[in-house]
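A.B. asks: The structure under discussion is supplied below as structure tokens; questions concerning it will follow.
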Amino acid sequence: MPEQGVTPCEKMASSSSLPEKDFSCTVCLDIFKDPVILSCSHSFCQACLKECWKDKESRECPVCRRRSSKDQPLSNLSLNNLCEALRERRQTDPPTGSKVLCSLHSEKLCLFCLEDKEPICLVCQVSRKHKDHDCIPVDEAVQDHKEELQTDLKPLQEKLKVFNEVKQTCDQTAVHIKSQAQHTEKQIKEEFEKLHQFLREEEEARIAALKEEEKQKSQKMKEKIEQMNREISSLSDTIRAIEGELKDEDISFLQNFKTMKERAQCTMPDPQLVSGGLIDVAKHLGNLKFRVWEKMQGIIKHTPVILDPNTASSWLSLSDDLTSVSQTGPDQQLPDNPERFMKYQNVLGSKGFSSGKHSWQVEVGDHPDWVIGVAKESADRKGEVNASPEYGIWAIKLYSGKYTNGMGETLLLKKIPQRIRVQLDYDQGEVSFYDSKDMTLIYTHKDTFTETLYPYLSIGSAGDVKSTVVQICQSEVSMTVMPSQ
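For any residue, its number in the working numbering is found by taking its place in the sequence shown, counting from 1, and adding 11.
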């Protein structure tokens with residue numbers, strides 16, 4: 012027969028077989044408040060779940076990630092009653108720590124030995140084992156050690172934040188790989204549709220290469236994401252354990268402090284984004300017709316520089332053949348991969364040069380805002396950067412109607428060039444710029460190059476002028492291919 016004045020819920024909540032952690036929300040680590048239950052049977056505080064779902068498109072369980080079938084989960088009334096009873100018990104019952112006695116002397120554990128790192132009683136203090144050891148009251152030890160563990164907890168929380176941010180970028184990159192693969196496949200098919208039937212096998216071979224790269228890089232990114240999940244889970248478990256320990260009773264906390272301290276010493280390195288993780292679109296599409304021509308023994312157009320979309324700012328739009336660029340605005344959802352320029356409207360060529368002579372032409376027309384030149388491989392892609400040798404960029408620039416050399420010096424031109432020829436002599440340390448129409452020299456940078464250099468383009472708003480696109484010019488190719496001079 013139930014005890015008079017004690018409800019079944021109160022009796023269940025007071026049972027020693029159900030510790031308080033069984034009534035704790037896994038998000039806030041406190042006793043449930045207004046608990047709700049998901050279809051996966053996990054429960055959370057209503058406010059905690061609402062915060063977890065804030066600004067998220069999908070409604071997933073914070074524990075098992077299973078998608079919830081309802082936007083408004085049902086209240087867990089039974090659990091709520093148990094938690095209310097548990098809160099009432101907390102207010103009426105004395106702290107369990109005050110009842111813990113010394114196992115040797117059956118005296119109250121009221122001191123903490125700083126040398127042996129354990130709670131002791133007054134008899135222990137004068138015993139041979141602890142004689143002459145420094146001891147402090149338990150409440151002081153709890154305060155000091157909680158502060159120490161709280162300090163250790165902060166780096167773990169920061170590391171978890173970094174892991175979550177990198178994982179989010181990895182998730183976006185994985186989606187973008189799929190998008191790249193689909194778009195590139197479409198372009199390849201369109202190019203091959205223009206060729207004769209005997210080229211179908213070539214088309215299939217290139218699609219297969221793309222599929223293989225997609226498979227490899229998707230698998231690599233999948234493994235990276237799985238690794239992030241494992242490490243995030245490990246960090247989260249450690250943080251929850253430490254945060255739970257911080258809420259524990261004094262003596263229990265001190266007894267577990269050493270173990271928690273060891274768990275808090277995280278040696279896990281910070282996560283890194285996978286460089287080169289995106290589909291190498293330039294490899295599949297760059298000079299596609301030229302490479303097919305080697306089998307066709309015909310004459311086609313060849314573009315000496317192919318732009319790399321994995322480096323292009325989200326403000327820029329590249330043509331399908333990766334030879335022209337225009338400004339479109341920041342609406343494109345592109346991953347922040349290591350190769351991409353994020354702050355400025357820049358793009359690099361897909362192929363770099365570390366020796367020899369190379370040249371290409373750029374059609375600028377009457378576009379009013381552009382920078383043309385070369386950039387070293389280590390040029391900053393994310394922060395402040397000017398188109399000057401100081402930042403590893405050797406270029407000429409048109410802005411506000413004035414031509415400059417990237418070092419603040421104005422270039423005086425007799426006529427406005429519509430097409431710029433860039434000529435790189437890596438070994439001599441020279442980058443020269445010419446008006447392609449009559450080969451009038453505009454400017455020459457002289458320096459010592461120590462890194463791979465990539466063709467560099469940057470454009471601003473075209474305004475209302477006719478030329479809104481800056482184009483890498485094609486070159487005539489005969490059956491005999493000579494090295495570029």
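We put the beta carbon where it would ideally sit given N, CA and C, even for glycine. If you're wondering where the values come from, they're calculated on a predicted model, not measured in any experiment.
#1: Give every residue of the same chain whose Cβ lies closer than 8 Å to the Cβ of Arg211, excluding the five residues on either side of it in the sequence, and list them in chain order.
#2: First and last residue of the alpha helix (DSSP H) that includes Gln283?
#3: If we call anything under 8 Å between Cβ atoms a contact, is Ile48 one with Pro84?
#4: Count the other CB atoms within 10 Å of the CB of Glu68; is the residue buried (16 or more) or exposed (fewer)?
#5: For Val38, which residues in the same chain have their Cβ closer than 8 Å to its Cβ, ignoring the five residues on either side in sequence?
#6: Which of the three DSSP states, helix, strand or coil, is assigned to Gly108?
#7: Is DSSP giving Ala220 helix, strand or coil here?
#8: Below 8 Å between beta carbons: does that hold for Leu167 and Leu246?
#9: Within the continuous beta strand (DSSP E) that includes Ile407, where are the two ends?
#10: Quick one: is Leu88 buried, meaning 16 or more other Cβ sit within 10 Å of its Cβ, or exposed?
#11: Compute the distance between the beta-carbons of Ile453 and Ile407, then report whether it is under 8 Å.
#12: Mind checking Glu224: buried by the 16 CB within 10 Å criterion, or exposed?
#13: How is Phe301 classed by DSSP in three states: helix, strand or coil?
#14: Name the two residues that bound the continuous alpha helix (DSSP H) containing Glu504.
#15: Residues in its own chain within less than 7 Å of Met232 by CB, not counting five upstream and five downstream?
#16: Look up Gly363 in the DSSP assignment and say whether it is helix, strand or coil.
#17: According to DSSP, which residues form a beta bridge with Leu122?
#18: Tell me, please, which residues DSSP counts as bridged to Lys387.
#19: Counting along the chain, where does the beta strand (DSSP E) carrying Gln455 start and finish?
#20: How should Arg139 be labelled, buried or exposed, when 16 other C-beta atoms within 10 angstroms of its C-beta is the threshold for buried?
#21: Distance check for Gln338 and Ser472, CA to CA, integer angstroms please.
#22: Suppose you measure from the CA of Asp33 to the CA of Asn348; what does that come to, to the nearest Å?
#23: Going by CA-CA distance only, name the one from Lys387, Gln429 and Arg351 that's closest to Asp380.
#24: For the alpha helix (DSSP H) that Phe268 lies in, which residues bound it at each end?
#25: So what's Gln198 in DSSP terms, helix, strand or just coil?
#26: Looking only at its own chain, which residues have a Cβ that is under 6 Å from the Cβ of Ser330, when we skip the five neighbours before and after it?
#27: Anyone know if the C-beta pair for Pro148 and Leu122 falls short of 8 Å?
#28: Thr107 to Leu345, Cα distance in whole Å?
#29: Does the segment 264–277 come within contact of the segment 238–252, defined as at least 3 CB pairs closer than 8 Å?
#30: From Glu169 to Met271, what distance separates their C-alpha atoms?
#31: Which ranges does the beta strand (DSSP E) cover as unbroken runs of at least 3 residues, wholly within the segment 36–88, from first to last along the chain?
#32: Taking only three categories from DSSP, how would you classify Phe444?
#33: For the putative contact between Leu333 and Leu296, defined by C-beta atoms under 8 Å, what is the C-beta separation to the nearest angstrom?
#34: Under DSSP, the alpha helix (DSSP H) around Val292 begins and ends at which residues?
#35: Return the chain-ordered list of same chain residues with a C-beta closer than 7 Å to the C-beta of Asn416, the five sequence neighbours on each side being excluded.
#36: Provide the residue(s) that pair with Trp381 in DSSP beta bridges, ordered along the chain.
C.D. replies: Judging by the given coordinates:
#1: Translated into the one-based positions of the sequence shown, residue 211 becomes position 200. Phe203, listed in sequence order.
#2: The residue labelled residue 283 in the question sits at position 272 within the sequence shown. Per DSSP, Gln283 belongs to no alpha helix (DSSP H) and is neither H nor E.
#3: Stepping through the sequence shown from its first residue, residue 48 is reached at position 37. Stepping through the sequence shown from its first residue, residue 84 is reached at position 73. Yes, the pair counts as a contact, with Cβ atoms nearer than the cut-off.
#4: Taking the sequence shown and counting its residues from 1, one reaches residue 68 at position 57. Exposed: under 16 other Cβ atoms inside 10 Å.
#5: Within the sequence shown, the letter at position 27 stands for residue 38. Only Phe55, Cys56, Cys59, Leu60, Glu62, Cys63 and Pro73 meet the Cβ criterion.
#6: As a first step, residue 108 is located in the sequence shown; it is residue number 97 there, counting from the start. The pLDDT assigned to Gly108 is 46, lower than 50, so where the model puts this residue is not dependable, and the model offers no usable value.
#7: Start at 1 with the first residue of the sequence shown, and residue 220 comes out as number 209. Looking at Ala220 - three-state DSSP - the assignment turns out to be helix.
#8: Sequence index remark: in the sequence shown, residue 167 carries index 156 (1-based). Sequence index remark: in the sequence shown, residue 246 carries index 235 (1-based). Yes, the Cβ-Cβ distance between Leu167 and Leu246 is below 8 Å.
#9: The sequence position of residue 407 within the sequence shown is 396, counting from 1. Ile404 to Tyr410 is the span of the beta strand (DSSP E), which, as asked, contains Ile407.
#10: Within the sequence shown, residue 88 is the residue found at index 77, counting from 1. Under this definition Leu88 is an exposed residue.
#11: Counting from 1 along the sequence shown, the entry for residue 453 is found at position 442. Counting from 1 along the sequence shown, the entry for residue 407 is found at position 396. Closer than 8 Å, so yes.
#12: Counting from 1 along the sequence shown, the entry for residue 224 is found at position 213. By the 10 Å Cβ count, Glu224 comes out buried.
#13: Here the question's residue 301 lines up with position 290 in the sequence shown. Helix at Phe301.
#14: In the structure as shown, the chain starts at 12 and stops at 496, and residue 504 therefore has no counterpart that could be examined.
#15: Here residue 232 refers to the residue found at position 221 when the sequence shown is read from its first residue. These residues qualify, in order along the chain: Cys181, Thr184, Ala185, Ile188, Val285 and Gly288.
#16: Mapped onto the sequence shown, residue 363 falls at position 352. Judged by DSSP in its simplified three-state form, Gly363 adopts coil rather than helix or strand.
#17: On the sequence shown, residue 122 is found 111 positions in, with the first residue counted as 1. Leu122 pairs with Ile131 and Pro148.
#18: The residue given as residue 387 occupies position 376 in the sequence shown. For Lys387, which the question treats as bridged, DSSP gives the partners Leu464.
#19: Walking along the sequence shown from the start, residue 455 turns up at place 444. It should be pointed out that residue 455 corresponds to Thr in this sequence rather than to Gln. Counting along the chain, the beta strand (DSSP E) containing Thr455 begins and ends at Thr451 to Lys457.
#20: Residue numbering aside, residue 139 sits at position 128 when the sequence shown is read from its first letter. Exposed, by the Cβ-count rule.
#21: For the purposes of this step, residue 472 is identified with residue 461 of the sequence shown, where counting begins at 1. For the purposes of this step, residue 338 is identified with residue 327 of the sequence shown, where counting begins at 1. Spanning the two alpha carbons is a distance of roughly 6 Å.
#22: As a first step, residue 33 must be located in the sequence shown, where it is residue number 22. As a first step, residue 348 must be located in the sequence shown, where it is residue number 337. Going by the C-alpha atoms only, they are around 42 Å apart.
#23: Position 369 of the sequence shown, counting from 1, holds the residue named residue 380. Of Lys387, Gln429 and Arg351, the residue nearest in Cα terms is Gln429.
#24: For the purposes of this step, residue 268 is taken as the residue at position 257 of the sequence shown. Start and end: Asp261 to Ala275.
#25: Counting from 1 along the sequence shown, the entry for residue 198 is found at position 187. DSSP places Gln198 in helix when its eight states are reduced to three.
#26: Taking the first residue of the sequence shown as position 1, residue 330 is located at position 319. Contacts found: none.
#27: Here residue 148 is taken as the residue at index 137 of the sequence shown, counted from 1. Here residue 122 is taken as the residue at index 111 of the sequence shown, counted from 1. For Pro148 and Leu122, yes; Cβs fall inside 8 Å.
#28: For this step, residue 107 is matched to residue 96 along the sequence shown. For this step, residue 345 is matched to residue 334 along the sequence shown. Low per-residue confidence applies at Thr107: pLDDT is 48, beneath 50, and the placement is therefore not dependable enough to give any value.
#29: Contact holds: three or more Cβ-Cβ distances are below 8 Å.
#30: Residue mapping note: residue 169 aligns to position 158 of the sequence shown, counting from 1. Residue mapping note: residue 271 aligns to position 260 of the sequence shown, counting from 1. For Glu169 and Met271, the distance between alpha carbons rounds to 18 Å.
#31: 46–48 and 54–56
#32: Here residue 444 corresponds to residue number 433 of the sequence shown, with the count starting at 1. Strand at Phe444.
#33: By 1-based counting over the sequence shown, the position of residue 333 is 322. By 1-based counting over the sequence shown, the position of residue 296 is 285. At roughly 6 Å, the Cβ-Cβ gap stays under 8 Å, so Leu333 and Leu296 are in contact.
#34: Residue 292 sits at position 281 when you count from the first residue of the sequence shown. Here the alpha helix (DSSP H) through Val292 covers Val292 to Leu296.
#35: In the sequence shown, residue 416 corresponds to position 405, counting from 1. Excluding sequence neighbours, Asn416 sits near Ile407, Leu422 and Tyr454.
#36: Along the sequence shown, read from residue 1 onward, the residue named residue 381 stands at position 370. Beta-bridge pairing links Trp381 to Leu409 and Ile470.
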